[in-house]
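This report concerns only the one structure given below.
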Amino acid sequence: MREIVSIHVGQCGNQIADRYWRLILREHGLSENGLPKDGSNAAASNSNMEVFFHRVRDGKYTPRAVLVDLEPGVIHRIESGEMAQLFDESSIIRKIPGAANNWARGYNVEGERVIDQIMNVIDAAVEKTKALQGFLLTHSLGGGSGSGLGSLILERLRQAYPKKKIFTFSVAPSPLISDSAVEPYNAVLTLQRIRDNADAAVLLDNEALFRIAKSKLHRSPNYMDLNHIVALIMSSVTASLRFPGKLNTDLGEFVTNLVPFPGNHFLTASFAPMRGPGSEGQVRLNFPDLARETFAQDNFTAAIDWANGVYLSGCALFRGDVRAKEVDENMAAIRKTMNYASYLPQQGGLKIGTADTAPEGFASSGLALVNHTGIAAVFERLIAQFDIMFDNHAYTHWYEGAGVSRDKMAEARHCVAELAKSYRDAS
Ligand SMILES: Nc1nc2c(ncn2[C@@H]2O[C@H](COP(=O)(O)OP(=O)(O)OP(=O)(O)O)[C@@H](O)[C@H]2O)c(=O)[nH]1
Ligand SMILES: [Mg+2]
Numbered sequence: 511m512r513e514i515v516s517i518h519v520g521q522c523g524n525q526i527a528d529r530y531w532r533l534i535l536r537e538h539g540l541s542e543n544g545l546p547k548d549g550s551n552a553a554a555s556n557s558n559m560e561v562f563f564h565r566v567r568d569g570k571y572t573p574r575a576v577l578v579d580l581e582p583g584v585i586h587r588i589e590s591g592e593m594a595q596l597f598d599e600s601s602i603i604r605k606i607p608g609a610a611n612n613w614a615r616g617y618n619v620e621g622e623r624v625i626d627q628i629m630n631v632i633d634a635a636v637e638k639t640k641a642l643q644g645f646l647l648t649h650s651l652g653g654g655s656g657s658g659l660g661s662l663i664l665e666r667l668r669q670a671y672p673k674k675k676i677f678t679f680s681v682a683p684s685p686l687i688s689d690s691a692v693e694p695y696n697a698v699l700t701l702q703r704i705r706d707n708a709d710a711a712v713l714l715d716n717e718a719l720f721r722i723a724k725s726k727l728h729r730s731p732n733y734m735d736l737n738h739i740v741a742l743i744m745s746s747v748t749a750s751l752r753f754p755g756k757l758n759t760d761l762g763e764f765v766t767n768l769v770p771f772p773g774n775h776f777l778t779a780s781f782a783p784m785r786g787p788g789s790e791g792q793v794r795l796n797f798p799d800l801a802r803e804t805f806a807q808d809n810f811t812a813a814i815d816w817a818n819g820v821y822l823s824g825c826a827l828f829r830g831d832v833r834a835k836e837v838d839e840n841m842a843a844i845r846k847t848m849n850y851a852s853y854l855p856q857q858g859g860l861k862i863g864t865a866d867t868a869p870e871g872f873a874s875s876g877l878a879l880v881n882h883t884g885i886a887a888v889f890e891r892l893i894a895q896f897d898i899m900f901d902n903h904a905y906t907h908w909y910e911g912a913g914v915s916r917d918k919m920a921e922a923r924h925c926v927a928e929l930a931k932s933y934r935d936a937s
């Protein structure tokens, strides 16, 4: 069945899971406890349910998901909320005392204590599959658990399952919504592991998410507002895996289409129509507007340097009430406005798919998932923030005290600088 196991780590990873699984359940006609809703089996009957769900007794579906946190609070809220009956108890790992915002604690100190248990739980989830295609990981790059423990999980997954695809949905920190000074350290240390151990990473940059949410809501957004956007994007990225279609029907195809050079697998996404939570049902866009909004630069989830970069690849998925002829005509026009790397096939570079089912509440929707060299700007921003502190030895003792030397930190910084440079060079 080509199943996928999702792994959610840390506060951010699990708060995203909370939004994401709610959407996925609705798209598959399932209630919050995993049982098919009466009369709403239309979606479920034509979808590839087994990819993301494991069918258990009485027709109940359980997400193929592992929830991990080093602090119990967020997972406890999920377990005591509407989805209390949804997740398999044995696939939830909640520990204390947290990683105190320190990558080194999440990776070494606390990580070492729990990694074997986590891998056992992942192995058990894999045993319930017939033909696993890979893993999705959601986490933040800035927090101690999501970054440090997330890095350790990535390394161990790659060792244990070298042939399986690994995708991350990784939230980059921004001072607009978080005030922890050490996040650039955590982010840089994690990006090195993502480059080495993942096949693709969708960067969800809080800097960009915050601006998008603010412009739609006209108030200062909170995490739930940002996660609403993230969940819509994740549901659309995974729609082609969950519903019948022609494009990107498995993780391997995503990689083939989107990653022209090994290591340059950092993607960014855009979802349209983007509106404040709760008001999307009222939005009906004609297709040209939908297509335009899908590719609007300020609608992407990473603060990309559009002016000084080129597209390496791109995919678009239009869901719901869209006609193939309209898609072809409008996308031909949009293709012409896109700046592709000169050495890549201009017209073939953008792959386009359609799916019948739109996200709940939408008549139609658009998703763009692209690999653009301007993503170097995100890495450069993090490196600049890293350098200011590192050069002054600020906070590095917390890392050294937990087994990560300044040399190791410098090595990660070098790796991310090389990554930025390789994107700049690919322009
Ligand atoms: N978009 C988004 N970002 C979040 C959310 N929660 C935290 N963050 C960001 O994630 C970073 C902090 O990481 P957390 O995920 O809270 O930390 P953690 O992984 O639980 O690690 P520790 O608490 O340090 O053990 C900061 O950059 C926050 O802005 C969330 O729900 N959504
Ligand atoms: Mg935490």
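The sequence shown maps to residues 511 to 937 in this note's numbering.
Glycine is no exception: its CB is placed at the ideal position from the N, C-alpha and C atoms.
Reduced DSSP category for residue i - H, G, I as helix; E, B as strand; rest coil
{"i": "ASN818", "result": "helix"}
{"i": "HIS924", "result": "helix"}
{"i": "LEU639", "result": "A small correction: the amino acid at residue 639 is Thr; Leu does not occupy that position in the sequence shown. If DSSP states are grouped into helix, strand and coil, THR639 belongs with coil."}
{"i": "GLY859", "result": "coil"}
{"i": "PRO546", "result": "strand"}
{"i": "ALA553", "result": "With a pLDDT of 47 at ALA553, under the threshold of 50, the predicted position of this residue should be treated as unreliable, though the coordinate-derived value follows. Helix at ALA553."}
{"i": "ARG529", "result": "helix"}
{"i": "ASP633", "result": "helix"}
{"i": "THR678", "result": "strand"}
{"i": "ALA609", "result": "coil"}
{"i": "ASN524", "result": "helix"}
{"i": "LEU565", "result": "Per the sequence shown, the amino acid found at residue 565 is Arg instead of Leu. Three-state DSSP puts ARG565 in a strand."}
{"i": "HIS775", "result": "coil"}
{"i": "ASP901", "result": "helix"}
{"i": "LYS918", "result": "helix"}
{"i": "SER730", "result": "coil"}
{"i": "PRO783", "result": "coil"}
{"i": "ASP715", "result": "strand"}
Any non-hydrogen atom of ligand 3 within 7 angstroms of residue i CB
{"i": "GLU717", "result": "Inclusion of ligand 3 in the displayed structure is not the case, the ligand content consisting of ligand 1 and ligand 2 alone."}
Whole-angstrom C-beta distance between residue j and residue i, which should lie under 8 angstroms
{"i": "VAL740", "j": "LEU714", "result": "5 angstroms"}
{"i": "VAL820", "j": "THR883", "result": "5 angstroms"}
{"i": "HIS649", "j": "CYS825", "result": "The Cβ separation is near 23 angstroms, so there is no contact."}
{"i": "GLY616", "j": "SER657", "result": "6 angstroms"}
{"i": "ASN774", "j": "SER932", "result": "6 angstroms"}
{"i": "ALA708", "j": "GLY654", "result": "In fact, because the Cβ distance is near 19 angstroms, the residues do not count as touching under 8 angstroms."}
{"i": "ILE517", "j": "ILE606", "result": "Not confirmed; about 20 angstroms, so no contact."}
{"i": "ARG752", "j": "SER601", "result": "Rounded, the Cβ-Cβ distance is 19 angstroms, inconsistent with contact."}
{"i": "ARG923", "j": "PHE889", "result": "The Cβ separation is near 10 angstroms, so there is no contact."}
{"i": "SER823", "j": "GLY859", "result": "6 angstroms"}
{"i": "ALA641", "j": "ARG721", "result": "About 41 angstroms separates the two Cβ atoms, so there is no contact after all."}
{"i": "LYS756", "j": "GLY863", "result": "6 angstroms"}
{"i": "THR804", "j": "ALA782", "result": "4 angstroms"}
Distance cut-off 7 angstroms: residue i Cβ against heavy atoms of ligand 2
{"i": "GLN521", "result": "yes"}
{"i": "ASP528", "result": "no"}
{"i": "ASP579", "result": "yes"}
{"i": "GLY653", "result": "yes"}
Interface flag, residue i vs chain C, CB-CB below 8 angstroms
{"i": "LYS726", "result": "No chain C is part of this structure, which consists of one protein chain only."}
Residue i beta carbon near ligand 1 (any heavy atom closer than 7 angstroms)
{"i": "ALA609", "result": "yes"}
{"i": "GLU944", "result": "Within the shown structure, residues of the chain are numbered from 511 to 937, placing residue 944 beyond reach of any answer."}
{"i": "SER688", "result": "yes"}
{"i": "GLN895", "result": "no"}
{"i": "GLN507", "result": "Because residue 507 is not part of the residues shown, which for the chain are 511 to 937, the question remains open."}
{"i": "PRO683", "result": "yes"}
{"i": "GLY913", "result": "no"}
{"i": "ASN508", "result": "Residue coverage of the chain in this structure runs from 511 to 937, which leaves residue 508 outside it and unanswerable."}
{"i": "TYR733", "result": "yes"}
{"i": "VAL740", "result": "yes"}
{"i": "GLY621", "result": "no"}
{"i": "SER650", "result": "yes"}
{"i": "GLY583", "result": "no"}
{"i": "GLY591", "result": "no"}
{"i": "GLY616", "result": "yes"}
{"i": "GLY656", "result": "yes"}
(request) Report yes or no: do three or more beta-carbon pairs, one from the stretch 794-801 and one from the stretch 760-770, lie closer than 8 angstroms? (result) No, the stretch 794-801 is not in contact with the stretch 760-770.
(message) Does the stretch 873-891 come into contact with the stretch 776-784, if we say contact requires no fewer than three beta-carbon pairs (one atom in each stretch) closer than 8 angstroms?
(response) Cβ pair count under 8 angstroms is three or more, so yes.
(message) Pairs of beta-carbons, one from the stretch 677-695 and one from the stretch 897-917, closer than 8 angstroms: are there three or more?
(response) Because the criterion of three Cβ pairs below 8 angstroms is met, the stretch 677-695 and the stretch 897-917 touch.
(message) Count Cβ pairs between the stretch 556-576 and the stretch 522-535 that sit closer than 8 angstroms; are there 3 or more?
(response) Touching, per the Cβ criterion.
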